[in-house]
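For reference, the structure is listed below as structure tokens.
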Amino acid sequence: MGDQYSWQRSRKYDETTMSAVGSIVSGFATFFIAFSFACYILFQKEKLHVQIRKVFFAFISKQKAEAFLKICSLTYQTFANFLTGQCVEAVILGSMFVVTLSILKMPYALLIGTLIAFTALIPIFGAFIGCAVGCFLIFM
């Protein structure tokens with residue numbers, strides 16, 4: 007009876023291990039495919055831009071295609087400006103924390119400032135998360 011129970015438990019562990027390994031391999035494969043696709047698009051962006059414009063003008067009336075491309079351009083500019091603003095804010099906030107923590111002679115000033123700069127890229131709550139982790143590091 008004991009051997010059968012341990013065999014079933016061992017079989018469950020094997021199934022769990024194989025499931026975990028399968029998930030990890032699937033994750034790496036998905037990452038590799040996505041990375042390859044992103045590189046392809048990045049390297050061919052000028053050619054793809056011209057081809058997409060040709061497709062729009064071929065299947066949609068000229069007025070609608072121009073309006074759609076104008077909306078796409080506005081969306082791109084808005085998103086690019088938002089990302090630029092977020093990055094500038096993150097650099098300023100991280101620098102302020104490095105200077106302030108250095109003046110107060112706190113440990114890990116550069117590490118905490120860098121952490122806050124990176125977490126500040128997360129909208130709304132990112133800087134607070136960085137501050138909480140920084141406080142935890144200081145109190146340790």
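Each residue of the sequence shown is one higher than the one before, starting from 7 at the first, in the numbering used here.
We put the CB at the ideal spot given by N, CA and C, even for glycine.
Backbone CA spacing between residue i and residue j [nearest angstrom]
i, j, result
"K2", "A96", "No answer is possible for residue 2: it lies beyond the span of the chain, which begins at 7 and ends at 146."
"G119", "A35", "34 Å"
"D20", "F134", "42 Å"
"C137", "K111", "17 Å"
"Q153", "E52", "Residue 153 cannot be examined here, being either before or after the span of the chain that is shown, 7 to 146."
"A44", "L54", "13 Å"
"I144", "A115", "9 Å"
"L107", "F38", "40 Å"
"A26", "A40", "21 Å"
"I109", "Q50", "48 Å"
"C78", "L127", "24 Å"
"S29", "S42", "20 Å"
"L117", "L80", "37 Å"
"Y82", "V31", "34 Å"
"V105", "A64", "57 Å"
"F142", "I47", "41 Å"
Option nearest residue i by Cα separation, candidates the options
i, options, result
"A71", "Q83, T81, I58, Y82", "I58"
"S101", "F62, G33, K76, I122", "I122"
"P129", "S29, T90, T22", "T90"
Assigned exposure category for residue i - 16 Cβ within 10 Å defines buried
i, result
"G140", "buried"
"F88", "exposed"
"G99", "First, the amino acid is wrong: residue 99 is Leu here, not Gly. That one is buried."
"F103", "buried"
"G132", "buried"
"T125", "buried"
Secondary structure, beta strand (DSSP E): runs of 3+ residues fully inside the region 32–57: none
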